[in-house]
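Read the structure below first, then the notes.
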Amino acid sequence: NKIYNSFIEKKAKGVKSFAVLIDPDKVTPAGITDLAAKCIAAKVDYIFLGGSLVITHHLDECVQQLKSSCDIPVVLFPGSPSQVSRYADALLYLSVISGRNPELLIGQHVLSAPAVKKSGLEVISTGYMVIDGGAPTTVSYISNTSPIPADKDDIAMCTAIAGEMLGMKVVYMDAGSGARKAITESMIARVASQVSAPIIVGGGIRDAEKAYLNCKAGADIIVVGNAIEKDTSLIKEIADAVHAAPVFK
Ligand code: 1GP
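If you want it as structure tokens, here you go:
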């Protein structure tokens, strides 16, 4: 449980982490090498790999290239059961607990369980909560679920508590890739006040200040994808802000 243990150890110390999200559909081999170099320079903690739609078929190659370009752990963040690569360091095993689509709560897990087990990957049971990001995002469309309304902090809190009590080891609060509005600090703080599992927060984070404020509110791992695709100089800016976040135990 190397990756999960690193989440827990950092959380115990109040140390915040930054994960860069790479969508396999949006990178070329040369682009991966360049991104990896920028992630090393910025001291990025994790690279998350995945997307709601993976049209290309080069997931293994993406992971292998990342692994040969840097030592940063590569964590799969799959949009579908086909996005599994045994070359990665871990897999976020997502159950969409914000929604009521049985396929994404347990159905697809049953179908893919033998293959995931056989892969030998570290599997991190993750309560995945989609929060309304101000406009329909790919994740809400593809998952065929209603997101938690952005101002319903208590629903998010109760969902996260339920996920943790069901045994999920990590909570992922996601406004969806490219969300117009990122998750509010008040919702993050509400969830963090009741849950001891590490909290991953992503979706619509576009600058270092928002990343910092999310950490202050209780996020343990900040994920940014879209904004970095547009401007890779943000990798260092956001990493510095996350790592500068005061230690909150
Ligand atoms: C999406 O949480 C991730 O699932 C990251 O979102 O691409 O908007 O940064 P962005």
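For the sequence shown, UniProt numbering assigns the number 251 to the last residue and increments by one with no breaks.
Idealized CB from N, CA, C, for every residue including glycine.
Exposure of residue i, with buried meaning 16 or more beta-carbon neighbours within 10 Å
i, result
"ARG102", "exposed"
"ILE133", "buried"
"ASN216", "buried"
"GLY205", "buried"
"PRO248", "exposed"
"TYR130", "buried"
"SER189", "With the sequence shown as reference, residue 189 is identified as Met, and Ser is not the correct amino acid for it. Burial call: buried."
"ALA243", "buried"
"residue 1", "In the structure as shown, the chain starts at 3 and stops at 251, and residue 1 therefore has no counterpart that could be examined."
"ASP233", "exposed"
"ASP153", "exposed"
"residue 287", "Only positions 3 to 251 of the chain appear in the structure, and residue 287 is not among them; the question remains open."
"LYS120", "exposed"
"residue 262", "There is simply no residue 262 to check, as the chain begins at 3 and stops at 251 in what is shown."
"MET167", "exposed"
"ILE57", "exposed"
Heavy atom of the ligand 1GP within 8 Å of residue i beta-carbon
i, result
"VAL228", "In the sequence as displayed, the identity of residue 228 is Asn instead of Val. Yes, since a heavy atom of the ligand 1GP falls inside the 8 Å radius drawn around the Cβ of ASN228."
"residue 256", "Because the chain spans 3 through 251 in this model, residue 256 falls outside it and cannot be assessed."
"PHE9", "no"
"LEU215", "no"
"LEU78", "no"
"ALA177", "yes"
"GLY206", "yes"
"ARG180", "It should be noted that the sequence gives Gly, not Arg, for residue 180. Yes - the ligand 1GP has a heavy atom lying nearer than 8 Å to the Cβ of GLY180."
"LEU23", "yes"
"VAL172", "no"
"VAL225", "yes"
"VAL46", "no"
"LEU193", "The identity of residue 193 in the sequence shown is Val, whereas the question assumes Leu. Incorrect: VAL193 has no Cβ contact closer than 8 Å to the ligand 1GP."
"VAL118", "no"
"GLY56", "What sits at residue 56 in the sequence shown is Val, not Gly. It does not: the Cβ of VAL56 is nowhere closer than 8 Å to a heavy atom of the ligand 1GP."
"VAL141", "yes"
Own chain residues within Cβ distance below 6 Å of residue i, not counting five before or after
i, result
"SER87", "LEU61, ASP62, VAL65"
"GLY180", "ASN228"
"GLY53", "ASP25, ASP27, GLY81"
"SER97", "LEU107"
"ALA210", "GLU239, ILE240, ALA243"
"ALA191", "ALA219, GLY220"
Beta-ladder partner(s) of residue i, from DSSP
i, result
"GLY129", "SER97, VAL173"
"ILE24", "LEU51"
"GLY204", "ASP176, VAL225"
"SER19", "ILE223"
"ALA92", "VAL77, GLU124"
"ILE150", "ILE133"
Residues near residue i in its chain [Cβ-Cβ closer than 8 Å; skip 5 each side]
i, result
"ILE5", "TYR48, PRO75, VAL77, ASP91, ALA92, GLU124, ILE126"
"ILE157", "ILE150, PRO151"
"PRO31", "GLU63, GLN67"
"ASP36", "THR234"
"MET170", "SER97, ILE99, SER127, THR128, GLY129, ALA199"
Cut-off 7 Å between Cβ atoms - residues of its own chain near residue i, not counting five sequence neighbours on either side
i, result
"ILE163", "GLN196, VAL197"
"CYS41", "VAL22, ILE49, CYS72, ILE74, ILE237"
"TYR89", "ASP62, VAL65, GLN66, LYS69"
"GLY178", "VAL132, GLY135, THR139, THR140, VAL141, SER142, GLY205"
"LEU113", "PRO83"
Neighbour flag for residue i against chain D, beta carbons, 9 Å
i, result
"ILE150", "Reference to chain D is not applicable here, since this structure consists of a single protein chain."
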